[in-house]
Every structure is written in structure tokens, then in C-alpha cells.
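Asker:
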Amino acid sequence: MASLCCSPTIIFSVKFPPSIRTHTQSPRLNRLKNHKQRITERRSLIVRSITEDREAIDVKKSDTFDPQEEPKGEEVDRDSDRLMSRGINAAIVLAAGTVAVTKLLSIDHDYWHGWTLYEILRYAPEHNWVAYEQILKTNPVLAKMAISGVVYSLGDWIAQCYEGKPLFEFDRTRVLRSGLVGFTLHGSLSHYYYQFCEALFPFQDWWVVPAKVAFDQTVWSAIWNTIYYTVLGLLRFQSPAKVFGEIKTTFWPMITAGWKLWPLAHLVTYGVIPVDQRLLWVDCIELIWVTILSTYSNEKAEAQTIGETNSSSTEVCKCFFFCFKNLS
1 MASLCCSPTI
11 IFSVKFPPSI
21 RTHTQSPRLN
31 RLKNHKQRIT
41 ERRSLIVRSI
51 TEDREAIDVK
61 KSDTFDPQEE
71 PKGEEVDRDS
81 DRLMSRGINA
91 AIVLAAGTVA
101 VTKLLSIDHD
111 YWHGWTLYEI
121 LRYAPEHNWV
131 AYEQILKTNP
141 VLAKMAISGV
151 VYSLGDWIAQ
161 CYEGKPLFEF
171 DRTRVLRSGL
181 VGFTLHGSLS
191 HYYYQFCEAL
201 FPFQDWWVVP
211 AKVAFDQTVW
221 SAIWNTIYYT
231 VLGLLRFQSP
241 AKVFGEIKTT
251 FWPMITAGWK
261 LWPLAHLVTY
271 GVIPVDQRLL
281 WVDCIELIWV
291 TILSTYSNEK
301 AEAQTIGETN
311 SSSTEVCKCF
321 FFCFKNLS
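Just so you know, we're using full-length UniProt numbering here: the sequence shown kicks off at 1 and counts up by one.
Structural data, given as C-alpha cells:
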């Protein structure tokens, strides 16, 4: 008995199987664990499906072509080109205006010393006119060519603004073409024409002025309008047939349009203005006339281009229809 009491205590560690342990736990805890596990599985499924959907959408976006991407890029390029062209045009206008104003105001710069601004502005117009008369005596043809070139360039610019273009978004090539025609042809030909007209009518009677106006608005207008449209067509690299067609369609309308403007102006030209000063007066009126000429000429050119495009597309459609009919 004593030996039994003194022996060490034996502890049995019994390991139950999982099924027995599960049954021994509380049923409420089991339900909570199962509920949490189901929620976790659902969340993982939802997250996995959302991720797969996003990946699929990204793949579709990368694979498919977005038609709006390229137009946006083209629109940005077009806007940048327009801004650059507008800046170039503004620089040209400002440079030309600065040179012109500087030349006109600095006519007396050799003896400006002590002059006030009022004196400079007072004497500048008179002294510029004196300088112009001196140039007409020394080199009349070049002076008149320069004036006509400037007037024809300004007239075409005014015509483009009248057509709806912004002030600094004009077509530089078109302005250059018109100015080139005015510089090379109108100034020189007008110089010799007015001398020829004086030699043709060397009389001092009252009927001479109406006779000069009638000759100007029939013979000379027909010649000059033909030259103008011919040279513009050649500068546009048009074929002779197109140039001839444009002259044929614009000949009579431009003659009759000139009768609304030039007879009254030429009563002053041939009745009041001296021979050497006539081109300057005529060029002032030409600002209105060149606007009409340039607008009408470019409208005809654009109409012919659109007509050619439509006719070519019509021919393509006819050819396609004929081939389709034969195949069927």
C-alpha cells in the first residue's frame, strides 16, 4: 500500500480522431466557420471574375482599332499646322507693314535734327509725294510695277477675307500669284497703254474723254482680263484647255461687271488725272476690282476642281457597274 502511494502519477494522453473532436466542438462555432468560409470563397470568386473581365477588356482594347484615335491625332496636327501658318502670315504682314510705315515716315531722316513728331507727320506726306514724282521721272516703269504688285497682293488678301477666311489665315500662294501678275504685267502694260491711248486720241474736244472710256471698257478690258486669267491659269499649272474654258466662261460676265465700276472712275482718269499719275489713281480703284477678279477666278477654279472630282467618281461608278453586270 505504501509502495502504491509513493509511485509516480501516470497521466494518460488520449488523442481523439478528428471526427470525434469536431463533434465535441460547439455546433454554433461550426456554423460560423462554415459561413465565413463560404463568404471568403464568394469574395475570391467575385474578385477573380472582375480581374478576368478587366484583362479581357484590356486585351480587346489593345486588339481592336479605335477609329477616334487617328482623327484626334490628325486634328492635333491640323491645328498645329494652322497655328504655324497663321504665325507665318502674321509675321509677313507685320514685316511688310513695318517696312512700309518706316519708309513713309523716314523720308526726311537726313534732316530730322530738332524736328518734333508733329513736324515729321506734317511734312512726310508732301515729301513722299515729291519723292514719288522724282521716281516717275527717273524710272517710271519700275515704280508702276511695284505699285501694281502691292495693290494686286492687297486685293487678293481682301478677296480672301471677303470669302470668309480669317485675317491671318490667307493663302500665301494665291496672294503671291496675284501680286506677281500685278508686278510683272499690269504695271508695265498699263504704263504703255495710257501712252498709247493718248496717241490714239490726240484731240482736246469734249468727246475725247467718253471715247477713251469706251475704248478702255471694250478693247483694253477684254485684253487685260484675258491676260489675267491666262497667266493665273498657267501659274496654277492648268492645261491650256482649262485656261481657255475659264476665259470663255468669265469673259462676258467680267466685261459687264466692269461696266458697273469703271466708267464713272475713268471719267476722272481721263478727264482730270495727268497721264503719269493715272496708274496710281487706277490702282486705288483696282483694290475693289482685284477683289472681284480674284474672287471670281478662284470660285471658277474651285468649281472646276469639284466638277472634275465628281465626274471622275461618276466614271468609276459606271465602270464598276459595267464590270458587275458582266460578271452576273
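Where a beta carbon is used, it is the ideal one built from N, C-alpha and C, also for glycine.
So, is D110 buried or exposed, given that buried needs 16 or more other C-beta atoms within 10 angstroms?
Answerer: On the sequence shown, residue 110 is found 110 positions in, with the first residue counted as 1. So D110 ends up on the exposed side.
Asker: Could you pull out every residue in the same chain whose Cβ sits closer than 7 Å to the Cβ of D283, ignoring the five residues on either side in sequence?
Answerer: What you label residue 283 is simply residue 283 of the sequence shown in a count that begins at 1. These residues qualify, in order along the chain: I147, S148 and V151.
Asker: Quick check on W129: does DSSP put it in helix, strand or coil?
Answerer: The residue given as residue 129 occupies position 129 in the sequence shown. Three-state DSSP puts W129 in a helix.
Asker: Can you tell me where the alpha helix (DSSP H) with K260 in it begins and where it stops?
Answerer: As a working note, residue 260 is residue 260 in the sequence shown. Neither: K260 is in no alpha helix (DSSP H) and is coded neither H nor E.
Asker: Among D276, P263, V275 and P274, which residue has its Cα nearest to the Cα of I285?
Answerer: Taking the sequence shown and counting its residues from 1, the one referred to as residue 285 is at position 285. Residue P263 is the option with its Cα nearest to I285.
Asker: Please identify the residue among F183, A214 and L185 whose C-alpha is closest to the C-alpha of C197.
Answerer: Counting from one through the sequence shown, the residue named residue 197 turns up at place 197. Of the candidates F183, A214 and L185, the one whose C-alpha sits nearest the C-alpha of C197 is A214.
Asker: Residue ranges of each alpha helix (DSSP H) run of no fewer than 4 residues wholly in the region 152-212, ordered along the chain?
Answerer: Runs found: 172-181 and 187-200.
Asker: Of the choices H266, I227, A159 and K144, whose alpha-carbon is the least far from that of L287?
Answerer: Working through the sequence shown from its first residue, we reach residue 287 at position 287. Of the listed residues, the one whose Cα sits closest to L287 is A159.
Asker: Would you check if there are 3 or more beta carbon pairs closer than 8 Å linking the region 84-92 to the region 164-178?
Answerer: Touching, yes, given that three or more Cβ pairs across the two stretches are closer than 8 Å.
Asker: To the nearest whole angstrom, what separates the beta carbons of L235 and V243, a pair I think is in contact under 8 Å?
Answerer: What you label residue 235 is simply residue 235 of the sequence shown in a count that begins at 1. What you label residue 243 is simply residue 243 of the sequence shown in a count that begins at 1. At roughly 10 Å, the Cβ-Cβ gap does not stay under 8 Å, so L235 and V243 are not in contact.
Asker: Count the other CB atoms within 10 Å of the CB of G307; is the residue buried (16 or more) or exposed (fewer)?
Answerer: Within the sequence shown, the letter at position 307 stands for residue 307. Confidence at G307 is low in this model, with a pLDDT of 47, below 50, so the placement of that residue should be treated as unreliable; the coordinate-derived value is given next. Exposed: under 16 other Cβ atoms inside 10 Å.
Asker: Taking the CB atoms as reference points, tell me whether M145 and G179 lie closer together than 8 Å.
Answerer: Here residue 145 is taken as the residue at index 145 of the sequence shown, counted from 1. Here residue 179 is taken as the residue at index 179 of the sequence shown, counted from 1. Not in contact: M145 and G179 (Cβ atoms no closer than 8 Å).
Asker: Specify, as a first and last residue, the run of the alpha helix (DSSP H) that N225 falls within.
Answerer: Position 225 of the sequence shown, counted from the first residue, corresponds to residue 225. First-last of the alpha helix (DSSP H) with N225: S221 to L235.
Asker: Out of curiosity, what's the CA-to-CA distance linking L261 and Q204?
Answerer: What you label residue 261 is simply residue 261 of the sequence shown in a count that begins at 1. What you label residue 204 is simply residue 204 of the sequence shown in a count that begins at 1. Spanning the two alpha carbons is a distance of roughly 25 Å.
Asker: Taking a contact to mean a Cβ-Cβ separation below 8 Å, would you say G155 touches T269 in this structure?
Answerer: Locating residue 155 in the sequence shown gives position 155, counting from the first residue. Locating residue 269 in the sequence shown gives position 269, counting from the first residue. Cβ atoms of G155 and T269: not closer than 8 Å.
Asker: When we look at the beta-carbon of N225 and count the other beta-carbons within 10 Å, is it buried (16 or more) or exposed?
Answerer: As a position in the sequence shown, residue 225 is number 225, starting the count at 1. Burial call: buried.
Asker: With burial defined as no fewer than 16 other Cβ atoms inside 10 Å of the residue's Cβ, what is the status of W112: buried or exposed?
Answerer: Taking the sequence shown and counting its residues from 1, one reaches residue 112 at position 112. It is exposed - the Cβ of W112 has fewer than 16 other Cβ atoms within 10 Å.
Asker: So, with DSSP's three-state summary, where would you put V290?
Answerer: Reading the sequence shown from its first residue, position 290 is the one you call residue 290. Reduced to three states, the DSSP call for V290 is helix.
Asker: Quick one, are the C-beta atoms of L136 and D276 less than 8 Å apart?
Answerer: By one-based count along the sequence shown, residue 136 stands at place 136. By one-based count along the sequence shown, residue 276 stands at place 276. Against a cut-off of 8 Å, the Cβ pair of D276 and L136 comes out as a contact.
Asker: If you reduce the DSSP assignment to three classes, tell me which class Q238 lands in.
Answerer: In the sequence shown, residue 238 corresponds to position 238, counting from 1. In this structure, Q238 counts as coil in the three-state DSSP scheme.
Asker: Is residue 336 buried or exposed, if buried means 16 or more other CB atoms sit within 10 Å of its CB?
Answerer: Outside the shown range of the chain, which is 1 to 328, sits residue 336, and nothing can be said about it.
Asker: Just the C-alpha distance for Y162 and F251, rounded to the nearest angstrom, thanks.
Answerer: Position 162 of the sequence shown, counted from the start, is the residue given in the question as residue 162. Position 251 of the sequence shown, counted from the start, is the residue given in the question as residue 251. Those two C-alpha atoms are separated by around 22 Å.
Asker: What three-state label does DSSP hand residue 401 in the structure shown?
Answerer: The requested residue 401 does not occur in the structure, where the chain is confined to residues 1 to 328.
Asker: Rounded to a whole number of angstroms, what is the C-alpha to C-alpha distance between I227 and V99?
Answerer: Locating residue 227 in the sequence shown gives position 227, counting from the first residue. Locating residue 99 in the sequence shown gives position 99, counting from the first residue. One C-alpha to the other measures close to 31 Å.
Asker: Find out if the Cβ-Cβ distance for the pair A131, I107 is shorter than 8 Å.
Answerer: Within the sequence shown, numbered from 1, the residue matching residue 131 stands at position 131. Within the sequence shown, numbered from 1, the residue matching residue 107 stands at position 107. Yes. Within cutoff.
Asker: Can you list, in chain order, the residues of its chain with a C-beta nearer than 7 Å to that of G97? Leave out the 5 residues immediately preceding and following it.
Answerer: Numbered from its first residue, the sequence shown carries residue 97 at position 97. Excluding sequence neighbours, G97 sits near nothing in its chain.
Asker: In whole angstroms, what is the alpha-carbon distance linking T230 and P125?
Answerer: Position 230 of the sequence shown, counting from 1, holds the residue named residue 230. Position 125 of the sequence shown, counting from 1, holds the residue named residue 125. Whole-angstrom Cα-Cα distance: 38 Å.
Asker: With a threshold of 16 other CB atoms inside 10 Å of the CB of R278, please say whether the residue is buried or exposed.
Answerer: Position 278 of the sequence shown, counting from 1, holds the residue named residue 278. So R278 counts as buried.
Asker: Hey, G258 and S221: beta-carbon distance below 8 Å or not?
Answerer: If you number the sequence shown from 1, residue 258 lands on position 258. If you number the sequence shown from 1, residue 221 lands on position 221. Against a cut-off of 8 Å, the Cβ pair of S221 and G258 comes out as a contact.
Asker: Please work out which residues of its chain come closer than 7 Å, Cβ to Cβ, to I247, disregarding the five sequence neighbours upstream and downstream, and give them in chain order.
Answerer: If you number the sequence shown from 1, residue 247 lands on position 247. Excluding sequence neighbours, I247 sits near T226, Y229 and T230.
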